[in-house]
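Trainee: In full-length UniProt numbering, the protein residues as written are 219 to 592. The beta-carbon is built from N, C-alpha and C at its ideal position, and this holds for glycine as well. Note that the structure is a prediction, hence the values are computed from the model and not measured. To start, I am sharing the structure in question, which I have written as structure tokens.
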Amino acid sequence: YESLTVAELGRKLGREPSGIIKKLFMLGIMATINQELDEDTIELICAEYGVEVEEEIRIDYTDLEVYFEEVDVEKNEANEIERPPVVTIMGHVDHGKTTLLDSIRNTKVTQGEAGGITQHIGAYQIENKGKKITFLDTPGHAAFTTMRARGAKVTDITILVVAADDGVMPQTIEAINHAKAADVPIIVAVNKMDKPTANPDRVMQELTDHGLVAEAWGGDAIFVPISALKGEGIEELIDMILLVAEVAELKANPKIRARGTVIEAQLDRGRGSAATLLIQDGTLHVGDPIVVGNTYGRVRAMISDIGRRVKEAGPSTPVEITGLSDVPQAGDRFVVFEDEKTARQIGETRASEAIQESRGEKTRITLDNLFEQM
Ligand code: GDP
Ligand code: MG
């Protein structure tokens, strides 16, 4: 570190900037919240709080989010290219989420992949007219809750499935609230249109009360009538996803070291820790030294959503990797480092910090107080 502002130092020390300003004042320094502090001053303040600066550097070093967002010397907008949208499917129980995921997968994935065993890795990719789309098939609500609790944003678009014979239900509203809070665009799939009791007008009417007004009614919400069971309206739905994605101008840089989020992970008998990662930026390669949440390792093998071994994977691609020292959690961030030594150091520090945290030696952000802030 060369310099930090009062606010940044406060964040790193877990102290209110006002307290730091007071301490600076006692040291004869008049400072504002955005004031840059030099090393000597930082050291003085840290000493006031009983923090050794050596340790302070380590805290900075192990903050994965810093690598995720800021420490990125390679980042170069000129190298950015369009990336596929990442889509989650949400909606009330029994409204047809699983059926829709299967329907999309069956109509699009198996084409040209005859004999390919479809692997369940928690996410899959389809290709339509040369454009890819990534679907997360972890239960949408759970994914949103855990990922948001960790501050990870993985979804670009949400498909809200509403059964036309049942209408808006509690989990429909919950899904709308999740998507709105995360600022994710919603496409409404009015499902079960094959049923004689289907009443799409009622769905549109009910959703109006929740801020989703159909284009036909003067709003800008997209409604697509479908039958997930019969595979009807799927093409139109995919077209709409690609349209919304185009408007969002989703970009990533395949030339940088990979970073992204854990979709799911478990301990596999033969292979050890197996984690499905969604690559959000950069390209991941077999052999890359990686820190994943509080664990680390070298990517030993990578398996695609159709069960193929792959050597590298680019932005918006889900892959299952092995080679980690421990099992990470859904929503954990991952970052690739240039060498294994750094990855191990950071991984081990994070692991021991996590243990301290679970012992209550550090303040912990719980789900509840996180949601309170949102
Ligand atoms: P989920 O709980 O949202 O994942 O809902 P499922 O996909 O498990 O579907 C619940 C039930 O609705 C199952 O019996 C499905 O076969 C049925 N279902 C789903 N989509 C349709 C549809 O488009 N038409 C009809 N008639 N039934 C459907
Ligand atoms: Mg289901």
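Could you check the C-alpha separation between residue 571 and residue 550 for me, to the nearest Å?
Mentor: Sequence index remark: in the sequence shown, residue 571 carries index 353 (1-based). Sequence index remark: in the sequence shown, residue 550 carries index 332 (1-based). Going by the C-alpha atoms only, they are around 15 angstroms apart.
Trainee: Would you check if the distance between the CB atom of residue 478 and the CB atom of residue 495 is smaller than 8 angstroms?
Mentor: Counted from its first residue, the sequence shown places residue 478 at position 260. Counted from its first residue, the sequence shown places residue 495 at position 277. Yes; because the gap between Cβ atoms is below 8 angstroms, this pair is in contact.
Trainee: Residues near the ligand MG, CB to any non-hydrogen atom under 6 angstroms, in chain order?
Mentor: Having a Cβ closer than 6 angstroms to some heavy atom of the ligand MG are 315 and 316.
Trainee: Do the CB positions of residue 372 and residue 406 come within less than 8 angstroms of each other?
Mentor: As a first step, residue 372 is located in the sequence shown; it is residue number 154 there, counting from the start. As a first step, residue 406 is located in the sequence shown; it is residue number 188 there, counting from the start. Going by C-beta atoms, residue 372 is not nearer than 8 angstroms to residue 406.
Trainee: State the DSSP-derived secondary structure class of residue 421, mapped to helix, strand or coil.
Mentor: Within the sequence shown, the letter at position 203 stands for residue 421. Reduced to three states, the DSSP call for residue 421 is helix.
Trainee: Which same chain residues, not among the five before or five after residue 528, have their C-beta less than 6 angstroms away from its C-beta?
Mentor: Here residue 528 refers to the residue found at position 310 of the sequence shown. Taken in chain order, the residues that qualify are 520 and 522.
Trainee: Rounding to the nearest angstrom, what Cα-Cα distance links residue 237 and residue 574 in this structure?
Mentor: Residue numbering aside, residue 237 sits at position 19 when the sequence shown is read from its first letter. Residue numbering aside, residue 574 sits at position 356 when the sequence shown is read from its first letter. Each residue's alpha carbon lies about 25 angstroms from the other.
Trainee: Please classify residue 256: is it buried, with 16 or more other beta-carbons within 10 angstroms of its beta-carbon, or exposed?
Mentor: As a position in the sequence shown, residue 256 is number 38, starting the count at 1. Residue 256 comes out exposed.
Trainee: Figure out for me which residue from 319, 308 and 354 has the closest Cα to the Cα of residue 302.
Mentor: As a working mapping, residue 302 is identified with position 84 in the sequence shown. The option with the nearest alpha carbon to residue 302 is 354.
Trainee: Please say whether residue 317 and residue 446 have beta carbons closer to each other than 8 angstroms?
Mentor: Translated into positions along the sequence shown, residue 446 becomes position 228. Translated into positions along the sequence shown, residue 317 becomes position 99. Yes, the pair counts as a contact, with Cβ atoms nearer than the cut-off.
Trainee: If we call anything under 8 angstroms between Cβ atoms a contact, is residue 443 one with residue 451?
Mentor: The residue labelled residue 443 in the question sits at position 225 within the sequence shown. The residue labelled residue 451 in the question sits at position 233 within the sequence shown. It is a contact, given that the beta carbons lie within the stated cut-off.
Trainee: By the three-class DSSP mapping on this structure, what secondary structure does residue 463 have?
Mentor: Locating residue 463 in the sequence shown gives position 245, where the first residue counts as 1. Three-state DSSP puts residue 463 in a helix.
Trainee: State the Cα-Cα distance for the pair residue 468 and residue 397, rounded to the nearest angstrom.
Mentor: Residue mapping note: residue 468 aligns to position 250 of the sequence shown, counting from 1. Residue mapping note: residue 397 aligns to position 179 of the sequence shown, counting from 1. Looking at the two C-alpha atoms, the distance is approximately 17 angstroms.
Trainee: Of the residues 378, 338 and 483, which one's Cα is nearest the Cα of residue 439?
Mentor: Taking the sequence shown and counting its residues from 1, the one referred to as residue 439 is at position 221. That would be 378, whose Cα lies nearest to the Cα of residue 439.
Trainee: With residue 421 and residue 382 assumed to form a contact (beta carbons below 8 angstroms), what rounded beta-carbon distance in angstroms separates them?
Mentor: Residue mapping note: residue 421 aligns to position 203 of the sequence shown, counting from 1. Residue mapping note: residue 382 aligns to position 164 of the sequence shown, counting from 1. Confirmed, Cβ separation roughly 6 angstroms.
Trainee: Given that a residue counts as buried once 16 or more other Cβ atoms are within 10 Å of its Cβ, and exposed if not, what is residue 248?
Mentor: The residue given as residue 248 occupies position 30 in the sequence shown. With fewer than 16 other Cβ atoms within 10 Å, it is exposed.
Trainee: Between the C-alpha atoms of residue 563 and residue 231, what's the straight-line distance to the nearest angstrom?
Mentor: Locating residue 563 in the sequence shown gives position 345, where the first residue counts as 1. Locating residue 231 in the sequence shown gives position 13, where the first residue counts as 1. If you take the alpha carbons of residue 563 and residue 231, they lie about 21 angstroms apart.
Trainee: Which first and last residues belong to the alpha helix (DSSP H) in which residue 507 is found?
Mentor: Reading the sequence shown from its first residue, position 289 is the one you call residue 507. Where residue 507 is concerned, there is no enclosing alpha helix (DSSP H), although the beta strand (DSSP E) it sits in stretches over 507-510.
Trainee: Could you check which residue in 350, 399 and 424 has the C-alpha nearest to that of residue 384?
Mentor: Start at 1 with the first residue of the sequence shown, and residue 384 comes out as number 166. Closest by alpha carbon: 424.
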